[in-house]
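Reading through the structure tokens given below for one structure.
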Ligand SMILES: C[S@@+](CC[C@H](N)C(=O)[O-])C[C@H]1O[C@@H](n2cnc3c(N)ncnc32)[C@H](O)[C@@H]1O
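Numbering (our numbering), first residue to last: 164 to 377.
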């Protein structure tokens with residue numbers, strides 16, 4: 164078999180193998196990011212952790228509207244190690260436009276911040292991230308953090324506990340930590356229940372990790 168055919172076959176096999184482990188209806192939102200490296204890192208984390216999509220609130224119009232165009236962007240492709248090829252990214256002009264779209268599709272949002280904010284504020288490990296069938300997890304900008312408007316329109320605020328002298332984690336790093344926990348819980352839920360509200364329990368839960376070597 165030609166190398167190109169072999170590689171296409173491997174890609175198809177990998178895409179099939181990872182499909183059951185992807186978290187349904189889980190979206191990561193980055194609000195007004197200024198550093199392309201962080202956008203690439205979040206896309207990479209989203210892809211690696213089995214999160215469904217990335218939405219970017221991009222009032223400066225730094226990203227193209229069309230994902231197909233973004234997939235061809237060399238800088239993002241390089242930083243995300245090609246994850247942008249496989250992970251759907253959609254941009255919005257404003258925080259409200261993104262919330263309107265998410266809410267219309269039935270998504271509940273939670274925001275993240277190193278600070279106590281909003282209606283309810285919890286540490287990451289205190290949360291149950293399977294309660295909402297459709298969940299969007301928001302990350303704020305590098306300089307300002309999550310906006311007051313996003314806090315206002317979200318159900319709660321999640322913090323990664325910190326034990327150092329610095330104020331916050333980097334955007335890319337915090338997305339990796341938060342999405343790991345959220346995706347792990349939702350994968351576990353999907354493995355045990357077919358339906359929302361803990362209904363349709365499977366007799367034997369599906370695996371939540373891939374067999375070694377797959
Ligand atoms: C560099 S931080 C922003 C720092 C900003 N000065 C602030 O007050 O939030 C960028 C984003 O990473 C996430 N983040 C950083 N540290 C976090 C933490 N300890 N817990 C949860 N999210 C965190 C938040 O989404 C934050 O908006």
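Note that CB positions come from ideal geometry on N, CA and C, so glycine has one too. Bear in mind the structure is a predicted one, so any value in this text is a computation, not a measurement.
Cβ distance (whole Å) where residue i is taken to contact residue j below 8 Å
i, j, result
"residue 304", "residue 195", "4 Å"
"residue 362", "residue 314", "With a Cβ gap of about 32 Å, residue 362 and residue 314 do not count as contacting."
"residue 300", "residue 250", "15 Å between Cβ atoms; not a contact."
"residue 374", "residue 197", "That pair is no contact at about 41 Å."
Residue closest to residue i, alpha-carbon to alpha-carbon, out of the options
i, options, result
"residue 192", "262, 198, 230, 362", "262"
"residue 271", "257, 199, 292, 285", "292"
"residue 122", "167, 289, 183, 267", "For the chain, the structure presents residues 164 to 377; residue 122 sits outside this window and is missing."
"residue 288", "325, 256, 267, 282", "325"
"residue 266", "169, 297, 374", "297"
"residue 186", "210, 338, 177", "210"
"residue 349", "169, 213, 200", "213"
"residue 295", "201, 273, 243", "273"
"residue 284", "343, 309, 268, 320", "320"
Heavy atom of ligand 1 within 8 Å of residue i beta-carbon
i, result
"residue 299", "no"
"residue 289", "no"
"residue 337", "yes"
"residue 265", "no"
"residue 173", "no"
"residue 325", "yes"
"residue 309", "yes"
"residue 302", "yes"
"residue 208", "no"
"residue 222", "no"
"residue 212", "no"
"residue 321", "yes"
"residue 283", "no"
"residue 245", "no"
"residue 330", "yes"
Through-space distance from residue j to residue i, alpha-carbon basis
i, j, result
"residue 124", "residue 165", "Outside the displayed span of the chain (164 to 377) sits residue 124, for which this structure offers no information."
"residue 204", "residue 241", "10 Å"
"residue 278", "residue 181", "35 Å"
"residue 260", "residue 226", "16 Å"
"residue 176", "residue 246", "17 Å"
"residue 443", "residue 346", "Shown here, the chain extends from 164 to 377; a query on residue 443 therefore has no answer."
Counting pairs of Cβ atoms below 8 Å between the stretch 214-225 and the stretch 318-330, do you hit three or more? no
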